[in-house]
Amino acid sequence: MNCVLVAVNVRSSHNVGSFFRTCDGLGVDGLYLTGITPYPTGLPDDVRLPHVAEKAEKDIHKTALGAEKTLTWTYHPNTMHVLEGLKEAGWELCALEQAINSTDLTMHTIRDKVALIVGNEVDGLPEDILDYCNKILEIPMQGNKESFNVSVAAGMALFWIKNNWTIPS
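Shown next as C-alpha cells:
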C-alpha cells in the first residue's frame, strides 16, 4: 500500500514537524510540502532569507525530532504541479476537508496508491484543488468543535488509510 501526504499552504512549522513525525511513524512513503508551507533547510535552490530558513528548520525539528532527516520529502511552490504529477502517475487524490460533497473517511474504500491532501489551518483547501481531487474525505466529528488541528486530522486519516486499504480487484 502506497501513501503520501501533500501539505498545501500550511502555515505552522510545528504542524509541519508533526507531519514528518507522523508520516515516519506510520510508514508513509513521502511528504510533499507546497505553497507557503515551511520546509527544512538543505535544498540547493532555497531562496528564503537565511534567518527565515533557520527558524523554520528549528521549529520543524522541535516537533519532528529528526524525522525530517529520515522521511522522503520535497518542497514545491506550485501545488497543482504536484497534484497533476501524482494523478498522472495513478495516485488517488483524496482531499481531507469538510465539504457538502465529502465522504465519511471511514466509509471510503482505500485503494493502493493514495495521496492525502491537507490544507491551511484556517481556510482549508482552495476550491480548485478540491475540484481536482478524486475524493473529498471528512473525519466525522462528535464533539462541539467544528474541526481538528490539521496535523492531528492528517494523523488520524493517515492511520485509517494505512490500516484499512483494500487490494484492488
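Start counting the sequence shown at 1390; every next residue gets the next number (the working numbering). Glycine residues also receive a C-beta, built at the ideal position from the N, C-alpha and C atoms.
| Item | Value |
| --- | --- |
| How far does the alpha helix (DSSP H) with residue 1462 in it extend, from its first residue to its last? | Looking at the DSSP string, residue 1462 is not in any alpha helix (DSSP H); the run it does join, the beta strand (DSSP E), is 1462-1465. |
| Quick one: Cα of residue 1443 to Cα of residue 1430, how far? | 7 Å |
| Residues in its own chain within less than 6 Å of residue 1412 by CB, not counting five upstream and five downstream? | 1394, 1420, 1460 |
| Taking only three categories from DSSP, how would you classify residue 1493? | strand |
| Taking Cβ to Cβ, would you say residue 1518 is nearer than 8 Å to residue 1492? | no |
| Can you list, in chain order, the residues of its chain whose CB lies under 8 Å from that of residue 1437, leaving out five sequence neighbours each side? | 1445 |
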